[in-house]
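Reading through the structure tokens given below for one structure.
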Amino acid sequence: MASQAKTGRRKSAGKAKPKAAPLRVGIAGIGVASSQVLPAFHEGAPYQLAGGADIRAEARDAFAKAHDRPTYATVAELCARDDVDAVWISTPNTLHAEHAICAARHGKHVICEKPMAVNLRECDRMIAAARENRVQFLQGHSKIYQAPIKAVRDVVRSGRLGKVIQILSFNSNDWLQRPRLAPELDTAKGGGLVYRQGPHMVDIVRFIGGGMVESVRGVSGRADPHFDTEGHFNALLQFEDGAAASLTFNGYGYFDVTELTWNIGESGSVQSKGRRFPRKPRLTGPADVDQKAAVAHQRGARPGRPQERRQPFFGLTVVACEHGMIRQSPDGIFVYTEDGREEIPCTTGHGREFELLELRDALAERRNVFPDGTWGKATLEVCLAVMASSRDGRSRRMRHQVPAP
Ligand SMILES: NC(=O)c1ccc[n+]([C@@H]2O[C@H](COP(=O)([O-])OP(=O)(O)OC[C@H]3O[C@@H](n4cnc5c(N)ncnc54)[C@H](O)[C@@H]3O)[C@@H](O)[C@H]2O)c1
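Just so we're aligned: the sequence shown equals residues 1 to 405 in our numbering.
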């Protein structure tokens with residue numbers, strides 16, 4: 001990453017210290033993911049929505065109507081704009097590399113959805129493009145932005161509980177029973193549960209465990225005969241310092257983990273009656289473009305609804321250290337020691353503003369962002385190892401890991 005990345009900011013005249021101009025961000029790919037990002041562009045935020053690009057005219061029209069910002073039919077047109085400082089890449093996984101590199105070559109900072117790319121060669125090209133063009137590459141949509149995960153890491157780093165020895169991450173939801181386009185259900189195109197949800201779990205345990213995974217043994221499977229892609233996985237990660245992380249994810253939609261997390265889900269919203277599983281009739285094939293777009297539309301309509309908000313969960317995360325244990329509470333984290341249970345509250349951390357603030361702050365402070373492309377690549381390396389290990393029953397040694405700061 002460039003040590004002095006371009007800021008892309010407008011210069012202001014006069015002697016008084018100028019107020020930093022808001023970061024102007026364009027969205028590449030106006031689909032379901034963008035519907036989660038767009039609410040972060042609220043009035044008074046230190047960043048602005050600069051426009052959106054999508055190949056679908058309906059998506060562009062809806063975006064222009066809802067946000068009154070210009071739209072473009074190609075990502076290249078968005079990237080070429082002088083009034084855009086950064087581009088949030090939320091196009092399909094196979095296009096992340098192409099679009100991130102396009103943005104970097106136009107001198108735009110990049111925030112990229114997970115997974116960073118489909119293979120490690122693409123990650124290398126994306127990292128190189130950012131470095132060569134002196135822009136920042138931020139791995140977006142990582143659960144390590146969430147306040148409770150940061151709080152767990154803070155307790156670990158303080159050393160008060162000794163070293164981490166075990167991390168458990170468990171999730172179970174209906175990932176494979178949500179409307180998905182055919183490529184999202186094709187592992188060769190970066191589809192399936194390991195590519196799409198693995199990065200979240202791996203980010204959480206790498207962040208808490210310090211980042212440096214030494215080896216990975218994985219078992220992934222395709223238990224729903226209607227979908228020829230991963231719908232579940234297990235993995236055992238061993239860290240260089242000897243700690244172990246155990247990951248279990250089931251996406252078939254028979255049981256929702258929020259039943260174990262006070263009915264609080266990924267966004268921190270509380271399902272008052274819990275989730276109703278199983279869903280009937282079950283989905284038996286991919287969705288078409290209109291069905292998928294309807295999901296984005298529904299999600300986009302949600303922010304206005306009054307809804308109870310607590311801290312966001314991504315399933316269960318339980319951390320064992322030499323002298324105590326940590327897990328998430330509804331409003332923060334619980335720390336267990338021989339003195340009993342202490343709760344450390346977290347007061348923020350629901351939306352997707354954290355990536356935008358991290359990029360803005362890194363530019364203002366002239367430092368590199370975290371998590372950057374090397375982190376995203378290291379997380380993808382683990383996800384790929386889960387699938388490779390599952391194929392031949394052998395564990396994989398990691399070669400591209402980077403430490404958590
Ligand atoms: N589905 C989710 O809940 C979710 C949430 C967060 C992140 N993500 C990530 O976001 C990315 C997109 O997933 P999604 O579910 O939003 O998919 P989606 O299909 O809903 O949205 C992708 C959008 O990109 C557009 N697009 C496709 N090719 C394009 C091109 N060449 N140029 C411009 N636009 C193009 C599509 O028309 C679509 O509107 C993936 O990387 C995924 O892992 C998904």
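Positions of the beta carbon are idealized from the N, C-alpha and C atoms, including for glycine. Quick caveat, the model's predicted, so the values are computed rather than measured.
>> Residues in the same chain with beta-carbon distance under 6 Å from residue 261, minus the five sequence neighbours each way, listed in chain order, please.
In response: Hits under 6 Å: 313.
> Can you round the beta-carbon distance between residue 167 and residue 243 to whole angstroms, since I take them to be within the 8 Å contact cut?
Replying inline: Sure, about 7 Å apart at Cβ, within 8 Å.
>> Going by beta-carbon coordinates alone, are residue 138 and residue 402 separated by less than 8 Å?
In response: With respect to residue 402, residue 138 sits apart: the two C-beta atoms are not nearer than 8 Å.
> In whole angstroms, what separates the C-alpha of residue 48 from that of residue 39?
Replying inline: Rounded to the nearest angstrom, the two C-alpha atoms are 11 Å apart.
>> Nearest by alpha-carbon distance to residue 366: which of 42, 135, 333, 75 is it?
In response: Nearest neighbour of residue 366 by Cα position, chosen from 42, 135, 333, 75, turns out to be 135.
>> Helix, strand or coil, according to DSSP, for residue 395 in the structure here?
In response: The DSSP-derived three-state label of residue 395 is coil.
> Quick one: Cα of residue 127 to Cα of residue 150, how far?
Replying inline: Straight-line Cα distance between these residues: approximately 25 Å.
> Quick one: complete beta strand (DSSP E) runs, 3+ long, within the stretch 178 to 218?
Replying inline: Here no run is fully enclosed.
>> Can you give me the C-alpha to C-alpha distance between residue 388 and residue 259, rounded to a whole angstrom?
In response: For residue 388 and residue 259, the distance between alpha carbons rounds to 32 Å.
> Can you tell which of 22, 324, 247 has its C-alpha closest to the C-alpha of residue 42?
Replying inline: Of all alpha-carbon atoms in 22, 324, 247, the one lying nearest the alpha-carbon of residue 42 is that of 22.
> ligand 1 heavy atoms versus the CB of residue 31: any closer than 7 Å?
Replying inline: Yes.
> In angstroms, rounded to a whole number, what distance separates the CA positions of residue 390 and residue 201?
Replying inline: Distance between the alpha carbons of residue 390 and residue 201: 17 Å.
>> Taking the alpha-carbon of residue 237 as reference, which of 358, 379, 94 has the nearest alpha-carbon?
In response: Selected option, being the one with the closest Cα: 379.
> What are the partner residues of residue 238, as DSSP defines its beta bridges?
Replying inline: Partner(s): 215, 244.
> Taking all protein chains shown into account, do 16 or more other C-beta atoms lie within 10 angstroms of the C-beta of residue 289, making it buried, or fewer, making it exposed?
Replying inline: The residue in question, residue 289, is exposed, as its Cβ has fewer than 16 Cβ neighbours within 10 Å.
> Which residue's Cα is closest to the Cα of residue 351: 333, 216, 311?
Replying inline: For residue 351, the nearest C-alpha among the options comes from 311.
>> Between residue 344 and ligand 1, is there a pair consisting of the residue's CB and a ligand heavy atom that are separated by less than 7 Å?
In response: No, the Cβ of residue 344 stays beyond 7 Å of every heavy atom of ligand 1.
> Leaving out five residues before and five after residue 304 in sequence, what residues of the same chain have Cβ atoms less than 8 Å from its Cβ?
Replying inline: With a pLDDT of only 46 at residue 304, under the threshold of 50, the placement of this residue in the model should not be trusted, and no figure is reported.
> Is residue 256 buried or exposed, if buried means 16 or more other CB atoms sit within 10 Å of its CB?
Replying inline: Counting Cβ neighbours within 10 Å, residue 256 comes out buried, since at least 16 surround it.
> Can you tell me whether DSSP reads residue 304 as helix, strand or coil?
Replying inline: Reliability fails at residue 304, whose pLDDT of 46 lies under 50, so the model's placement of it is uncertain and no value is given.
>> Does the beta-carbon of residue 247, which I'm using as the reference point, lie nearer than 7 Å to any heavy atom of ligand 3?
In response: Ligand 3 is absent from the structure shown, which contains only ligand 1.
> Beta-carbon separation of residue 226 and residue 140 under 8 Å?
Replying inline: Cβ atoms of residue 226 and residue 140: not closer than 8 Å.
> Under three-state DSSP, which class holds residue 126?
Replying inline: In the three-state DSSP reduction, residue 126 falls in the helix class (H, G or I).
>> Rounded to the nearest angstrom, what separates residue 395 and residue 386 at their Cα positions?
In response: Cα to Cα, residue 395 sits roughly 8 Å from residue 386.
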